[in-house]
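Numbering (this note's numbering), first residue to last: 52 to 365.
Only one structure is covered here, and it is reproduced in the block below.
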Amino acid sequence: MYDVAILGAGPAGLTAAIYAARARLKTVLVEKNYPGGQVAMCDKVENYPGHNTNTSGFDLSMSMKEQAERFGAEMKSTEIASLELESDEKALVASDGERICAKTIILTLGASPRKLGVPGEMEFIGRGVSYCAVCDAAFYQDKNLAVVGGGDTAVEDSNFLTRYASSVTIVHRRDAFRAQRIIQERTINNPAITVEWNSVVKSIGGKDTVEHVVLENVKTGKQTNLSVDGVFVLVGLEPNTKMIAGHITLDDGGYIITDEDMRTNIPGVFAAGDARKKLLRQIVTACADGAIAATAAEKYIEGAPWPQAKDAKT
Ligand code: NAP
52 MYDVAILGAG PAGLTAAIYA ARARLKTVLV EKNYPGGQVA MCDKVENYPG HNTNTSGFDL
112 SMSMKEQAER FGAEMKSTEI ASLELESDEK ALVASDGERI CAKTIILTLG ASPRKLGVPG
172 EMEFIGRGVS YCAVCDAAFY QDKNLAVVGG GDTAVEDSNF LTRYASSVTI VHRRDAFRAQ
232 RIIQERTINN PAITVEWNSV VKSIGGKDTV EHVVLENVKT GKQTNLSVDG VFVLVGLEPN
292 TKMIAGHITL DDGGYIITDE DMRTNIPGVF AAGDARKKLL RQIVTACADG AIAATAAEKY
352 IEGAPWPQAK DAKT
């Protein structure tokens, strides 16, 4: 049996693995895809302290993984189908039936791209509709693109997309971006980018691939046709918490509620990273969560008491 089983290998999970393994706890990190989660898709990480050059999200994630392995953390690549959390011996149960048993579980489930839910979106996924600029930008050399959203991802990735595309039209539902000022400044100064303010995408159309989007101005109700070769939907994230709903206390948005030591409502079960309810979702806060969760798990194994859950809405 492991001391700590961590589910999800984004920065929170990788940091939890570094801290738990370095504390000489028998540690396993379970992930169905590749290490890094959302961060692995980041072209450049420039606000993680100490990395002020051109570190890619992928390289940073691989370096965290190697660090965790160096301290003795075991990596397992498998899909987890269910969780057994309530008893003292907890288990992550893989879809192939394997049971990964541990004294403590750290849930670092991350978040996934939110969908628009408009006609044509699902139909054209992979044929012009994308949720990842770093993954798909190169397919749009000299093409015209729409980017939907006004947060850090949409505004930052629009700039990145102009390395390939000849034009990017940002479609934002309000008249001001949510993105950080420094990111906005670069975008506003980029001649290949225009912004359709107060506008939403009503539908995405084309024959075999995307050829246009129908925009609606939310102030005037006027609809226009914008010819594009691709649409990047970058409208935020949804926590990957469906699997634990009903067991772990979540807020109305589906984010895991923890105390400041990353404890959930179930003794021995911790949560860290983007799937947790918190103010700021960044690599640095995910790493901090992971370090705290691993340390709190160590204390729990040593016999530290578990506080009563105050906010127990599931
Ligand atoms: P976000 O901050 O939640 O922004 C989502 C954007 O999409 C908002 O502008 C929102 O509009 C818009 N939106 C949401 N639902 C929509 C819908 N159904 N239709 C149209 N527009 C919709 O998400 P994010 O930009 O992906 O960022 C996620 C987290 O990662 C944030 O904490 C962010 O700071 C962080 N991040 C940081 C960096 C960086 O520091 N360099 C880079 C990328 C991401 P409203 O503004 O009107 O709500």
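Even glycine gets a Cβ: it sits at the ideal position worked out from N, Cα and C.
Point to revise | CB of aspartate 280 within 7 Å of CB of asparagine 210, strictly | key: Sequence index remark: in the sequence shown, residue 280 carries index 229 (1-based). Sequence index remark: in the sequence shown, residue 210 carries index 159 (1-based). No, these two residues do not count as a Cβ contact at 7 Å.
Point to revise | valine 320 to glutamate 130 span [Cα, whole Å] | key: In the sequence shown, residue 320 corresponds to position 269, counting from 1. In the sequence shown, residue 130 corresponds to position 79, counting from 1. Each residue's Cα considered, the two are about 19 Å apart.
Review point. Should threonine 204 be listed as close to ligand 1, given that the test is whether its C-beta is under 6 Å from any heavy atom?
Key: Here residue 204 corresponds to residue number 153 of the sequence shown, with the count starting at 1. It does: the Cβ of threonine 204 is within 6 Å (strictly closer) of some heavy atom of ligand 1.
Practice item. Identify, in the order they occur along the chain, each residue of the same chain with its Cβ nearer than 6 Å to the Cβ of threonine 66, setting aside the five sequence neighbours on each side. Key: The sequence position of residue 66 within the sequence shown is 15, counting from 1. Here the set comprises Cys338, Gly341 and Ala342.
**Study point:** Which residues DSSP lists as bridging proline 290, in chain order
**Key:** By 1-based counting over the sequence shown, the position of residue 290 is 239. Its beta-bridge partners are Ala162.
Exercise for review: Examine the Cβ distances between the segment 346-356 and the segment 176-190 and report whether three or more of them are shorter than 8 Å.
Suggested key: no
Review point. CA-CA distance, asparagine 316 and threonine 213?
Key: Against the sequence shown, residue 316 aligns to sequence position 265. Against the sequence shown, residue 213 aligns to sequence position 162. Going from the Cα of asparagine 316 to the Cα of threonine 213 covers about 46 Å.
**Study point:** Contact with chain D by serine 218, beta-carbon distance below 7 Å
**Key:** The question asks about chain D, but that chain is absent: this structure has only one protein chain.
Review point. Is it buried or exposed for glutamate 247, if we count other Cβ within 10 angstroms and need 16 for buried?
Key: One-based indexing of the sequence shown puts residue 247 at position 196. By the 10 Å Cβ count, glutamate 247 comes out buried.
Exercise for review: Under 6 Å Cβ to Cβ from cysteine 152, same chain only, skipping five residues before and after it: list those, please.
Suggested key: Working through the sequence shown from its first residue, we reach residue 152 at position 101. Cβ within range, chain order: Met52, Glu140 and Ala142.
Review point. What is the residue span of the beta strand (DSSP E) that alanine 322 lies within?
Key: Translated into positions along the sequence shown, residue 322 becomes position 271. Note, alanine 322: beta strand (DSSP E), 320-322.
Check your understanding: At what residue ranges does the segment 299-335 contain a whole run of the beta strand (DSSP E), taking only runs of 3 or more?
Key -> 320-322
Review point. Anyone know if the C-beta pair for leucine 220 and threonine 245 falls short of 7 Å?
Key: Here residue 220 corresponds to residue number 169 of the sequence shown, with the count starting at 1. Here residue 245 corresponds to residue number 194 of the sequence shown, with the count starting at 1. According to the sequence displayed, residue 220 carries threonine and not leucine. Yes, these two residues count as a Cβ contact at 7 Å.
Check your understanding: Going by C-alpha distance, which of Lys83, Lys77, Asp147 and Lys166 is nearest threonine 155?
Key -> Within the sequence shown, numbered from 1, the residue matching residue 155 stands at position 104. Considering only alpha carbons, the answer is Lys77.
Exercise for review: Could you have a look at tyrosine 191 and say whether DSSP puts it in helix, strand or coil?
Suggested key: Position 140 of the sequence shown holds residue 191. Helix.
Review point. Using the C-alpha atoms, what's the distance from asparagine 276 back to glutamate 174?
Key: Taking the first residue of the sequence shown as 1, we reach residue 174 at position 123. Taking the first residue of the sequence shown as 1, we reach residue 276 at position 225. Each residue's Cα considered, the two are about 19 Å apart.
Exercise for review: With a threshold of 6 Å, establish whether the CB of arginine 121 neighbours any heavy atom of ligand 1.
Suggested key: What you label residue 121 is simply residue 70 of the sequence shown in a count that begins at 1. Checking the Cβ of arginine 121 against ligand 1 gives no.
Practice item. Count the other C-beta atoms from every protein chain shown that fall within 10 angstroms of the C-beta of lysine 116, then say buried if there are 16 or more, exposed otherwise. Key: One-based indexing of the sequence shown puts residue 116 at position 65. With 16 or more other Cβ atoms within 10 Å, it is buried.
Exercise for review: Would you mind working out which of Ala323, His298 and Glu289 sits nearest alanine 162, comparing C-alpha positions?
Suggested key: Here residue 162 is taken as the residue at index 111 of the sequence shown, counted from 1. Selected option, being the one with the closest Cα: Glu289.
Exercise for review: Taking asparagine 210 as part of the alpha helix (DSSP H), name the residues at either end of that continuous run.
Suggested key: In the sequence shown, counting from the first residue as 1, residue 210 sits at position 159. Counting along the chain, the alpha helix (DSSP H) containing asparagine 210 begins and ends at 203-212.
Check your understanding: Does DSSP classify valine 269 as helix, strand or coil?
Key -> By one-based count along the sequence shown, residue 269 stands at place 218. DSSP places valine 269 in coil when its eight states are reduced to three.
Check your understanding: Mind checking threonine 238: buried by the 16 CB within 10 Å criterion, or exposed?
Key -> Counted from its first residue, the sequence shown places residue 238 at position 187. Buried, by the Cβ-count rule.
Review point. To the nearest angstrom, how far is it from the Cα of glycine 297 to the Cα of asparagine 240?
Key: Numbered from its first residue, the sequence shown carries residue 297 at position 246. Numbered from its first residue, the sequence shown carries residue 240 at position 189. When rounded, the distance between both Cα atoms is 47 Å.
Exercise for review: Would you grab the beta carbon distance between leucine 158 and isoleucine 334 for me? Rounded to a whole angstrom, and I think it's under 8 Å.
Suggested key: Working through the sequence shown from its first residue, we reach residue 158 at position 107. Working through the sequence shown from its first residue, we reach residue 334 at position 283. Contact flag wrong, Cβ pair sits at about 18 Å.
Exercise for review: Grab me the residues of aspartate 226's own chain with a C-beta within less than 6 Å of its C-beta, minus the 5 sequence neighbours each way, in chain order.
Suggested key: The residue labelled residue 226 in the question sits at position 175 within the sequence shown. The answer, listed in chain order, is Trp248 and Asn249.
**Study point:** 8 Å contact criterion, which leucine 58 and valine 81 should meet: CB distance rounded
**Key:** As a position in the sequence shown, residue 58 is number 7, starting the count at 1. As a position in the sequence shown, residue 81 is number 30, starting the count at 1. Confirmed, about 5 Å.
Practice item. Return the CA-CA distance between leucine 136 and phenylalanine 109, expressed in angstroms with no decimal places. Key: In the sequence shown, counting from the first residue as 1, residue 136 sits at position 85. In the sequence shown, counting from the first residue as 1, residue 109 sits at position 58. The alpha-carbon atoms of leucine 136 and phenylalanine 109 are separated by roughly 31 Å.
**Study point:** Same chain, Cβ closer than 6 Å to alanine 345, neighbours up to 5 away in sequence not counted
**Key:** As a first step, residue 345 is located in the sequence shown; it is residue number 294 there, counting from the start. Ala67, Tyr70 and Ala71, listed in sequence order.
Review point. Based on the DSSP output, what are the partners of methionine 126 in its beta bridges?
Key: Reading the sequence shown from its first residue, position 75 is the one you call residue 126. DSSP output for methionine 126 lists Leu80 as bridge partner(s).
**Study point:** Check: glycine 101 C-beta below 6 Å from any heavy atom of ligand 1
**Key:** Within the sequence shown, the letter at position 50 stands for residue 101. Not under cutoff, so the answer is no.
Check your understanding: Relative to ligand 1, is the shortest distance from any of its heavy atoms to the C-beta of glutamate 130 smaller than 6 Å?
Key -> In the sequence shown, the residue the question calls residue 130 occupies position 79. Checking the Cβ of glutamate 130 against ligand 1 gives no.
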